[in-house]
Amino acid sequence: MAETVLSIRNLTVDLPEGADRPHAVEGLSLDVRPNEIVCIVGESGSGKSITSFATMGLLPAALRPSAGEVLFEGADVLKMSEAGHARLRGNRMAMIFQEPMSALNPCYTVGDQIEEVFETHATLSRSARRKRVIALLEEVRLPDPERIYHSFPHQLSGGQRQRIVIAMALAMDPTLLIADEPTTALDVTTQMQILKMFRRLKEERGAGIMFVTHDFDVVAEIADRVVVMQKGRVVEQGTAEEVLNHPTHPYTRQLIDAVPRRTRAARETDAGAEIALRVQGLEKAFHTPRTLFSPARTVRAVANVDFTVRRGETLGIVGESGSGKSTLVRCLMRLTEPEDGAVWVGNQNLLETQRGNLRAYRKEIQIVFQDPYGSLNPRRTIGDQLLEGPTNFGVPRAEAWEKARELMRIVKLNDEALYRYPNQFSGGQRQRICIARALMVEPSILIADEAVSALDVSVQKEVLTLLREIRERMGLTMLFITHDLRVAAQVCDSVIVMEKGRIVESGPIDRVFAEPQAEYTRKLLSAQPGQGWEVPDLGVTA
Amino acid sequence: MLKYILSRVVMAILVALTVSCISFALVYASGDPAIAIAGENATPADIAHIRHQFGFDRPVPVQYGDWLWKALHGNLGVSHYFNQSVASLIWPRLEVTMTLGLCAIVFALVLAIPMGVIAAMRPNSIVDRLALLIAVMGQAIPSFWLGLLLIVAFSINLGWLPASGTDSWQNFVLPTIVLGYYAAPAIMRLTRAGMLEVLQADYIRTARAKGLSRRKVMFKHALRNAIIPVVSLAAVQMGFMLGGSVVVESVFALHGAGFLAWQSISRNDLPVMQALILIFAMFYIFFTFLADILNAWLDPRLRGR
Chain U
1 MAETVLSIRN LTVDLPEGAD RPHAVEGLSL DVRPNEIVCI VGESGSGKSI TSFATMGLLP
61 AALRPSAGEV LFEGADVLKM SEAGHARLRG NRMAMIFQEP MSALNPCYTV GDQIEEVFET
121 HATLSRSARR KRVIALLEEV RLPDPERIYH SFPHQLSGGQ RQRIVIAMAL AMDPTLLIAD
181 EPTTALDVTT QMQILKMFRR LKEERGAGIM FVTHDFDVVA EIADRVVVMQ KGRVVEQGTA
241 EEVLNHPTHP YTRQLIDAVP RRTRAARETD AGAEIALRVQ GLEKAFHTPR TLFSPARTVR
301 AVANVDFTVR RGETLGIVGE SGSGKSTLVR CLMRLTEPED GAVWVGNQNL LETQRGNLRA
361 YRKEIQIVFQ DPYGSLNPRR TIGDQLLEGP TNFGVPRAEA WEKARELMRI VKLNDEALYR
421 YPNQFSGGQR QRICIARALM VEPSILIADE AVSALDVSVQ KEVLTLLREI RERMGLTMLF
481 ITHDLRVAAQ VCDSVIVMEK GRIVESGPID RVFAEPQAEY TRKLLSAQPG QGWEVPDLGV
541 TA
Chain G
543 MLKYILSRVV MAILVALTVS CISFALVYAS GDPAIAIAGE NATPADIAHI RHQFGFDRPV
603 PVQYGDWLWK ALHGNLGVSH YFNQSVASLI WPRLEVTMTL GLCAIVFALV LAIPMGVIAA
663 MRPNSIVDRL ALLIAVMGQA IPSFWLGLLL IVAFSINLGW LPASGTDSWQ NFVLPTIVLG
723 YYAAPAIMRL TRAGMLEVLQ ADYIRTARAK GLSRRKVMFK HALRNAIIPV VSLAAVQMGF
783 MLGGSVVVES VFALHGAGFL AWQSISRNDL PVMQALILIF AMFYIFFTFL ADILNAWLDP
843 RLRGR
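Chains as they are written, first to last, in our numbering: chain U, 1 to 542; chain G, 543 to 847.
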C-alpha cells in the first residue's frame, strides 16, 4: 500500500446549536493516496463539502472541528496555526470550487490572480512568474494564453474560468487536489473536457485528488475509490467497481437505484391522439440597439422553430446553455413576445390573442421552474399561493380550497401544509408544491423547465415519479426542458435537440438517442460521463 | 477604457448643457425679470429701458447663447444687490467652500472607511457596536448644535481653536469636523455592508484557498470590490457638501458660497443665484464623472459598457 497524502481520522465537525443534527461530520475517516482519485458522494447536507473545507482550513466560522485529526503528509492540519495552514494552501494542497462564474475576483486579470500564488509561495522574478503562468494556461489547454493572461474573468466563459481556477490550483504542483463539484455548473461537453483533464493530472502529476460530487455518472467516469456519505457519516467506501456495481449499504443501494436509466420507462403512447400544441416558425431575436459608441447587435435566440406535441405526450427539449430552450418556453407562454410564428393550443393561436384575452389562455399552459426556493413567495402561506390562480379565474374560494387539498394529496403532502410557509419545506417538497400550484388551474399543457435539475438524485426520482403519475392520471401534455440526457431518456416520448436557437434534430427519443443524425446530437451524447457504467439492477423498492 | 472615458465626457457635457438651460430659464421663472429689476415705483418707460439695457427684448435662444458664451468666459453678469460682477463676488467665497468641502470629505472618508472595514471584520463585536454608535450619533446630531458644542469646548473653554473667520487653517478645523462627521455615517455603513457582502463571495474563499495572508485577502481582494458603491456615494456627498454647507458656514461665520447662496435667495439676486446653481451643478457633474472613471478603473466590468 502506497503512502497516503491525506489521512482523515475520526473527524467530527460540530454544527451550531439549533441545527437539525449535532454534527456536520461525525467520526469520518478516509485516505487519499498519490496518483488516486477518491470520490466523495452524497446528497446535499451529507457533509461532503464540509470535509473538504475542513481539510483546507476554510470552514465557516460557525463550524468547528471538535475531534479527530486531518493528517496531511503526516502533520495534523487541525493543530496548525492559521498562518501555518495558509503556507500549505495553494502550495502543497489546492482546491477547485463549484462555481467558476464567481470564484474569480472580477477586479483583477486572471494572469494577475494566478501569479499571486507564485508571489505568495515562491521567490521568482516577475518575468519568471509570468512565464510559469503562461505555461500553466497552456497546460490547461486554454487557447491563446497571451490574450487570456490579460483577460478579466467576465471576458471568459464558464469552462474557461474553471480552467483558470484549475491552473491556479496546479501552480505550485500540489500533492493534494480537492475538487468540490467542479463540473456541476458546466455544460456537458465542457464537463467532459474538464473530467479528462483531471484524469490526465492524476497520471502526469501523480497528485492525490479528492473529488466531491453528487453525480454517479461522474463517479463512474473518473473514480478509483468511492466514499459514500449520509448525514455526516461515511456509510460505505471501496473501489469504484465495488461501490458502483455491488453496493452493500442500503443507502448506497437506494442512491444508485435512483439514478435514471438510459432507457425509456416502458409505457403506451397514443400516436393517434389529437394535437395539443403546434408551434410553427417561431422566431425571437434580441436586439441591442445601436448607441453612440457601439453598433447594433442581433442575436437569434429562437430561429424558425417548428414542432407538434400530441395530447398525453411528453416532449423533451434538450440543449446546452445558450441554446434557446428557456427563450422558447418564455415565447410559448408569451412572457416574452416572439417576433413571428404561431403557437396553436387547440384552435387558438396564442400569438394572435389580444393581450387582454391572453389571461384565459395562459391558464392552458402552466410552468414549473428550476429553482424551488425562488419560485414561492416566502411571506405567504402555501394555501394562499395555491388559491391565487383559480380565484383569479373566478373559481369560488371554497371550491378552490377543496381542489388544493386534493392536489396536496396527489403530490403526497399533508393537507395542513396549506397553512404553512415555504421555508418550512425542503427543496423536493417545494418543487412538489410548485407542481401542485401549476396544476391548480387545470392546464392542458405543463412545462417543466429544468424542474428536477436542482434536486438531489433521490428527490429527483420522487418528483419524476410524481410527474409520471400525474401525467397518466390527468392525460397531461408535457414539455420537459432539461440539459440532463439521462432524465430526458427516462421521461420523454420524443425529443427536440436545440443548438443556437435552432432545432438540429427531432424525433422519437429512442431513435434520436440510439441513432443520432445531427453532428451536435452525437457530440452531446458522446460527452455524457459514465458511459461504460450500466446502473445495476438492485431490486430496491422505492 | 479610452472609449469609456470619452463616452462619459460626452455624457457629462450633455448634462452640463441641460443644466445650463434650466439655470438660464430661472430668469423667467419668477415673472418678467425687467419688472423685478426696475423695482416697485418704476414707470413703464423705465421698465422698457431696463428691458432693452439688459437685452431681455431679444429672442430667448439668442439671450441663452449670449449668456452661455459669456459664462464660458467667466463673465457671469452683475449682481443686482452688490452691484459688483458676479465672478468677483463668487470666486473668493468658492475658495472657502471648496477648502471646507474637500477637507470635510477627506475627513469623512478617512474616518468612515477604516471604521467600516473594521466593523465588517468583526460583525456584532464591541468594535462594530462602537462604530454603529458613532454613526448613529453622526446622523442624529444636528450640525449647528454639534458646531456650537465644539465652539464651547475648543474655542471658549480650551481656547485651542478660533470660533469664526477664515484667517488661517485653524479656522477650518472645527467646521471640517462638523461637516465631515455629518457625511461619515452613510459612507461607513455602506463600507461595512459592502465588506460584509464581499467577504461572503466565492472569490474571497478562492483567495484564502491560495494561501494569501489575511491582510492581502482583506485589502487587495475584498476592499476593492466593496469600495465601488462608496465611490459613487462620496461623489454625491461631495456635491452636497459644496452646496449644502450653509448651516455650518453660518455657525462658524465662514463667508463661503453656501452663505452667499442663502443671501442671494433672500434678496432675489438673480444673476448670483443663477451663477451659483450653474457652478454647483458643474461640481456635481464633475465629481460624478470622476467617480465613474474611478469606478471603471476599480471594476473592469464597467469599462465595456
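Where a beta carbon is used, it is the ideal one built from N, C-alpha and C, also for glycine.
Secondary structure of U:His-214 (DSSP, three-state): coil. Exposed is the label assigned to G:Gln-681, since fewer than 16 other Cβ atoms lie within 10 Å of its Cβ. Proximity to U:Ala-454 across U:Asp-484, U:Asp-384 and U:Ile-317 peaks at U:Asp-484, based on C-alpha coordinates. Burial state of G:Ile-807 is exposed, judged by a 10 Å Cβ sphere holding fewer than 16 other Cβ atoms. For U:His-85, the uninterrupted alpha helix (DSSP H) run begins and ends at 82-88, by DSSP. Sorting U:Ser-127, U:Lys-79 and U:Met-408 by C-alpha distance to the C-alpha of U:Gln-385 places U:Met-408 at the top. For U:Met-168, the enclosing alpha helix (DSSP H) has its first and last residue at 158-170. For U:Phe-118, no chain G residue has a C-beta closer than 7 angstroms to its own C-beta; the minimum C-beta separation is roughly 10 angstroms. In chain order, Val-305, Asp-306, Phe-307, Thr-308, Leu-332, Gly-341, Ala-342, Val-343 and Trp-344 place their CB closer than 8 angstroms to the CB of U:Val-279, counting only its own chain and leaving out the 5 sequence neighbours on each side.
If only uninterrupted beta strand (DSSP E) runs of at least 3 residues are considered, those enclosed by the segment 484-537 of chain U are 494-499 and 502-508.
Straight-line spacing of the CA atoms in G:Val-790 and G:Ala-646 works out to 11 angstroms. When secondary structure is reduced to three states using DSSP, U:Glu-36 falls in the strand class. For the set U:Ala-404, U:Asn-377, U:Pro-378 and U:Arg-379, the Cα lying nearest the Cα of U:Pro-390 is the one of U:Ala-404. No Cβ of chain G is located within less than 8 angstroms of the beta carbon of U:Ser-494. Per the C-alpha coordinates, the member of U:Leu-15, U:Ile-470, U:Ile-134 and U:Val-457 positioned closest to U:Gly-312 is U:Ile-470. Using a 10 angstroms sphere on the CB of U:Asp-493, the tally of other CB atoms reaches 16 or more, which defines it as buried. By the Cβ criterion, the segment 55-74 of chain U is in contact with the segment 168-181 of chain U, since at least three pairs of Cβ atoms, one from each stretch, lie closer than 8 angstroms. In chain order, Ala-86, Gly-90, Glu-116 and Thr-120 make up the part of chain U whose C-beta sits under 8 angstroms from the C-beta of G:Leu-754. Per the coordinates, the alpha-carbon of U:Ala-514 lies some 13 angstroms from the alpha-carbon of U:Glu-505. For U:Glu-364, there is no enclosing beta strand (DSSP E), as DSSP gives it neither H nor E. Distance from the CA atom of G:Ile-676 to the CA atom of G:Gly-581, rounded to whole angstroms, is 51 angstroms.
Going by DSSP, U:Asp-306 is part of no alpha helix (DSSP H) but of the beta strand (DSSP E) stretching over 297-310. Residue pairing from DSSP places U:Arg-64 in a beta bridge opposite U:Asp-14.
For U:His-150, not one C-beta of chain G is nearer than 8 angstroms to its own C-beta. With contacts defined by Cβ atoms closer than 8 angstroms, U:Gly-324 and U:Gly-47 do not form a contacting pair. DSSP places U:Leu-466 in the uninterrupted alpha helix (DSSP H) bounded by 457-474. Between U:Asp-31 and U:Leu-88, the alpha-carbon positions lie close to 18 angstroms from each other. Linking U:Ile-275 to U:Thr-477 through their CA atoms gives a straight-line distance of about 10 angstroms. By the Cβ criterion, the segment 735-752 of chain G is not in contact with the segment 717-727 of chain G, since fewer than three pairs of Cβ atoms, one from each stretch, lie closer than 8 angstroms. Rounded to the nearest whole angstrom, the CA to CA distance from G:Arg-734 to G:Ala-662 is 5 angstroms. With contacts defined as CB atoms closer than 8 angstroms, G:Leu-651 and G:Gly-689 fail to qualify as a contacting pair. Within chain G, the residues placing a beta-carbon under 7 angstroms from that of U:Met-95 are Ala-751, ordered along the chain. Beta bridge pairing from DSSP links U:Lys-284 with U:Val-302. Contact annotation: the segment 88-103 of chain U touches the segment 51-59 of chain U, with at least three C-beta pairs closer than 8 angstroms. Residues of chain G whose Cβ lies closer than 9 angstroms to the Cβ of U:Glu-73 do not exist, since the nearest Cβ in that chain is about 15 angstroms away.
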